[in-house]
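S.K.: First to last, the sequence lines map onto chains A and B.
This note's numbering puts the first sequence at residues 21 to 390.
This note's numbering puts the second sequence at residues 4 to 237.
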Amino acid sequence: MTLSVDINHRLGDFAVEAKFASAGRLTALFGPSGSGKSTLINLIAGLIRPDKGRIAVDGRMLVDTEARTFVPLHKRRIGMVFQDARLFPHMSVAGNLRYGRWFTPASERYAKMDAVVDLLGIGHLLDRRPAKLSGGEKQRVAIGRALLASPKLLLMDEPLASLDEARKAEILPYIERLRDETKIPVVYVSHSVAEVARLASDVVVLSQGKVAAAGPTESIMQRLDLLPAEERGEGGAVLDTKVLRHDEAFGMTVLSSPAGEIRVPKLAMAAGAPVRIRIRARDVMIATERPAGLSALNILAGTITAVRPGIGPTVEIAIDCNGAIVLARITEQSKHTLRLALGQQVFAVIKTVSFDSATTGAGLPAEADG
Amino acid sequence: MNWLLDLTPDEWNAVRLSIKVATVAMIASLPPGILLALLLARGRFWGKTLLNGLVHLPLILPPVVTGYLLLLTFGRRGPAGAFLAEHFGIIFSFRWTGAALACGVMGFPLMVRAIRLSIEAVDRRIEAAAGTLGANPFWVFVTITLPLILPGLIAGAILSFAKAMGEFGATITFVSNIPNETQTLPSAIYTFTQVPGGDAGALRLTLISIVISMVALVASEVLARRVGHRMDIE
Numbered sequence: 021m022t023l024s025v026d027i028n029h030r031l032g033d034f035a036v037e038a039k040f041a042s043a044g045r046l047t048a049l050f051g052p053s054g055s056g057k058s059t060l061i062n063l064i065a066g067l068i069r070p071d072k073g074r075i076a077v078d079g080r081m082l083v084d085t086e087a088r089t090f091v092p093l094h095k096r097r098i099g100m101v102f103q104d105a106r107l108f109p110h111m112s113v114a115g116n117l118r119y120g121r122w123f124t125p126a127s128e129r130y131a132k133m134d135a136v137v138d139l140l141g142i143g144h145l146l147d148r149r150p151a152k153l154s155g156g157e158k159q160r161v162a163i164g165r166a167l168l169a170s171p172k173l174l175l176m177d178e179p180l181a182s183l184d185e186a187r188k189a190e191i192l193p194y195i196e197r198l199r200d201e202t203k204i205p206v207v208y209v210s211h212s213v214a215e216v217a218r219l220a221s222d223v224v225v226l227s228q229g230k231v232a233a234a235g236p237t238e239s240i241m242q243r244l245d246l247l248p249a250e251e252r253g254e255g256g257a258v259l260d261t262k263v264l265r266h267d268e269a270f271g272m273t274v275l276s277s278p279a280g281e282i283r284v285p286k287l288a289m290a291a292g293a294p295v296r297i298r299i300r301a302r303d304v305m306i307a308t309e310r311p312a313g314l315s316a317l318n319i320l321a322g323t324i325t326a327v328r329p330g331i332g333p334t335v336e337i338a339i340d341c342n343g344a345i346v347l348a349r350i351t352e353q354s355k356h357t358l359r360l361a362l363g364q365q366v367f368a369v370i371k372t373v374s375f376d377s378a379t380t381g382a383g384l385p386a387e388a389d390g
Numbered sequence: 004m005n006w007l008l009d010l011t012p013d014e015w016n017a018v019r020l021s022i023k024v025a026t027v028a029m030i031a032s033l034p035p036g037i038l039l040a041l042l043l044a045r046g047r048f049w050g051k052t053l054l055n056g057l058v059h060l061p062l063i064l065p066p067v068v069t070g071y072l073l074l075l076t077f078g079r080r081g082p083a084g085a086f087l088a089e090h091f092g093i094i095f096s097f098r099w100t101g102a103a104l105a106c107g108v109m110g111f112p113l114m115v116r117a118i119r120l121s122i123e124a125v126d127r128r129i130e131a132a133a134g135t136l137g138a139n140p141f142w143v144f145v146t147i148t149l150p151l152i153l154p155g156l157i158a159g160a161i162l163s164f165a166k167a168m169g170e171f172g173a174t175i176t177f178v179s180n181i182p183n184e185t186q187t188l189p190s191a192i193y194t195f196t197q198v199p200g201g202d203a204g205a206l207r208l209t210l211i212s213i214v215i216s217m218v219a220l221v222a223s224e225v226l227a228r229r230v231g232h233r234m235d236i237e
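1) With which residues is I94(B) paired in a DSSP beta bridge?
2) If you reduce the DSSP assignment to three classes, tell me which class Q228(A) lands in.
3) Specify the secondary structure class of S212(B) as computed by DSSP and reduced to three states.
4) Could you tell me whether the Cβ of V36(A) comes closer than 7 Å to any Cβ of chain B?
5) Quick check on the DSSP output: the alpha helix (DSSP H) that includes I183(B) runs from which residue to which?
6) On the DSSP letters alone, give me the boundaries of the alpha helix (DSSP H) that I37(B) sits inside.
7) So if I threshold CB-CB distances at 9 Å, which residues from the region 129 to 140 of chain B count as touching chain A?
8) Spatial neighbours of I122(B) within its chain, please: CB distance less than 8 Å, with the 5 preceding and 5 following residues excluded, ordered by chain position.
9) Under 8 Å, with one C-beta from each stretch per pair, do the region 32 to 40 of chain A and the region 206 to 214 of chain A reach the 3-pair mark?
10) Given that a residue counts as buried once 16 or more other Cβ atoms are within 10 Å of its Cβ, and exposed if not, what is M29(B)?
11) Flag this pair as yes or no: are the beta carbons of S58(A) and D222(A) separated by less than 7 Å?
12) What are the complete alpha helix (DSSP H) segments, minimum 4 residues, inside the region 108 to 182 of chain A?
13) Less than 7 Å between the C-beta atoms of A293(A) and I339(A), yes or no?
14) Taking C-alpha atoms, which residue in A105(B), D9(B), G78(B), G56(B) lies nearest to G172(B)?
15) What three-state label does DSSP hand N139(B) in the structure shown?
16) Does P150(B) get closer than 7 Å to chain A when you measure Cβ to Cβ?
17) Do R302(A) and G253(A) have their C-beta atoms closer together than 7 Å?
18) Distance check for K230(A) and K371(A), CA to CA, integer angstroms please.
19) In the structure shown, what three-state DSSP assignment does K371(A) receive?
20) Identify, in the order they occur along the chain, each residue of the same chain with its Cβ nearer than 6 Å to the Cβ of T334(A), setting aside the five sequence neighbours on each side.
21) Should the region 92 to 103 of chain B be called in touch with the region 185 to 199 of chain B, which here means at least 3 C-beta pairs below 8 Å?
22) From what residue to what residue does the beta strand (DSSP E) around P285(A) run?
23) Compare the C-beta of F90(A) against all C-beta atoms of chain B and say whether one is closer than 7 Å.
24) Between the alpha carbons of F108(A) and S190(B), how many angstroms are there, rounded?
25) From T11(B), L74(B), I215(B), L33(B), pick the residue whose C-alpha is nearest to that of M163(B); which is it?
26) Exposed or buried, which one is H110(A) when buried takes at least 16 other CB atoms within 10 Å?
27) D98(A) touches chain B at which residues, Cβ-Cβ below 8 Å?
28) Would you report the Cα separation of R207(B) and Q197(B), rounded to the nearest angstrom?
29) What in chain A is Cβ-close to I147(B), meaning under 7 Å?
30) If you measure between the beta carbons of D26(A) and G66(A), is that distance less than 7 Å?
31) Would the region 114 to 128 of chain A count as touching the region 79 to 89 of chain A if we require 3 or more Cβ pairs under 8 Å?
32) Going along chain B, which residues have a C-beta under 9 Å from R165(A)?
33) Name the chain B residues whose beta carbon is nearer than 7 Å to that of G120(A)?
34) Using a Cβ-Cβ cut-off of 7 Å, state whether T124(A) counts as contacting chain B.
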């Protein structure tokens, strides 16, 4: 799937001028509120008609203002999951799920009711009315409803934003399964670094209606300057690792990454399973010699490849650990004391590994010190 | 109780005719009522205020004036009346159909108002969600909007029916008071009050008219509650 967008749209004083293309499995439109990401997704869905520009999915031109092309919303075959589930109150859950099927040509119906109900774990809700569902259940039904219309592209507009942390944790694994088990490309709007780092293969960063950066998640998450101020503490390295083995004696799991082995509290996953971990820049210390007598288990050797000014008296230091970039946020004073410079050999001491364990449905995202 | 049901054939005819006229008036007003309510609730066009005023006119004009205007327009020699009689064989003047037309017109503003309010209460974002699932605007209306406004639709229909059951001024002006043809309950009651010894008849018809109105009201309440319960609107 390729999505290409090049539009100009004005809403009062606010203008969205965005140009990007993405072929990712799950592309995140990321930015603070008011950055134009919801407008952009509504433009892709066909809920808004742009003033100027083009939108194409897989070469199919949905909007081209110059050629006066505008495919109406109901003919786009683009599924949408809204922040508020927007279930039909006069239909049962089953009725909601079946709704899109009616309007999908038989030859293009690839989504199977049983498979989708299983994927989202909503089998026990089928006879209920939407008013009788919890927020998390509503959102799962809304995802199922969109999937069962057999869309060519699925848009999700901050599907977790109105839910509390526990409900978010309940739904995230389902979105991961959706990403991994179905072939539907997803465009996911979010302002949360945690969600984007966990779910996205590609990120488009929006700022004041414009595309500030676009690229693979790993590289975008390292650009702390792109993150909104309140989320900057969440930024850091995103590494895709694999479960190497379990250390039963200490109840630990050893992950293999290009940077070396990383030890985390035991994960309920089989050896070889992929795990995406996030190492926040604020959780990384730098040592010029391999430290001894330290409680931290994960110490990675690497070379300083970049030094960037951070917020206030801090600097951000990128350390290339055998191809994997780890980011550290330290004070200007520490940098001065240690006389850190580009190309220097250092050790990154990792205090905390955030890993979103629910890749296997294990529950809450966990953090592991040590 | 017996004296209440012991109606003369003419009285029975008036009851039957009233129910027939009110039912036809209600059913015939529904499609244009929904259309106008939609237009007024959602349309953005020049002259909307004027259209709104026109729809409400029967509510504020004296019924006799409405009746007279109907007579001028839909009477035999009226422009609309002559056209309909010539091309479709539909004749209104001094027929029960004319009574239904007069009743429908008088109840129309009430019906449009109730439906319009319920359309305005529909969450358009839910309709947009249906659009993303592939439903075109027609199907969105049929499968989402219409079921969601059902309570308002029922309320509007009952108001129109009740108004038609009680309509007097416009009806008698337009189609007169002909037994078995245009003499509805109110006209029959009026006739009884004009003749000596008609009090018993007038009272009988009055009670019947109260019963019919109450039954209609209760039925609409029950129906609306059932629909509302089925929907569990959040």
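Every residue gets a Cβ at the ideal spot worked out from N, C-alpha and C, and that includes glycine.
M.R.: The short version:
1) Looking at the DSSP assignment, I94(B) forms no beta bridge with any residue, so it has no partner.
2) coil
3) helix
4) no
5) The sequence given here has Asn at residue 183(B), not Ile. Looking at the DSSP string, N183(B) is not in any alpha helix (DSSP H), and its letter there is neither H nor E.
6) 12 to 45
7) I129, A131, A132, A133, G134, T135, L136, G137, A138, N139, P140
8) A40, L41, A44, R45, T148, I152, G155
9) no
10) buried
11) no
12) 113 to 122, 133 to 140, 155 to 167
13) no
14) A105(B)
15) coil
16) yes
17) yes
18) 35 Å
19) coil
20) R349, T351
21) yes
22) 280 to 285
23) no
24) 47 Å
25) The sequence given here has Ser at residue 163(B), not Met. Of the candidates T11(B), L74(B), I215(B), L33(B), the one whose C-alpha sits nearest the C-alpha of S163(B) is L33(B).
26) buried
27) In the sequence under discussion, the amino acid at residue 98(A) is Ile, which differs from the Asp named in the question. Under the 8 Å cutoff, chain B gives T135.
28) 15 Å
29) F108
30) no
31) no
32) A132, L136
33) L136, G137
34) yes
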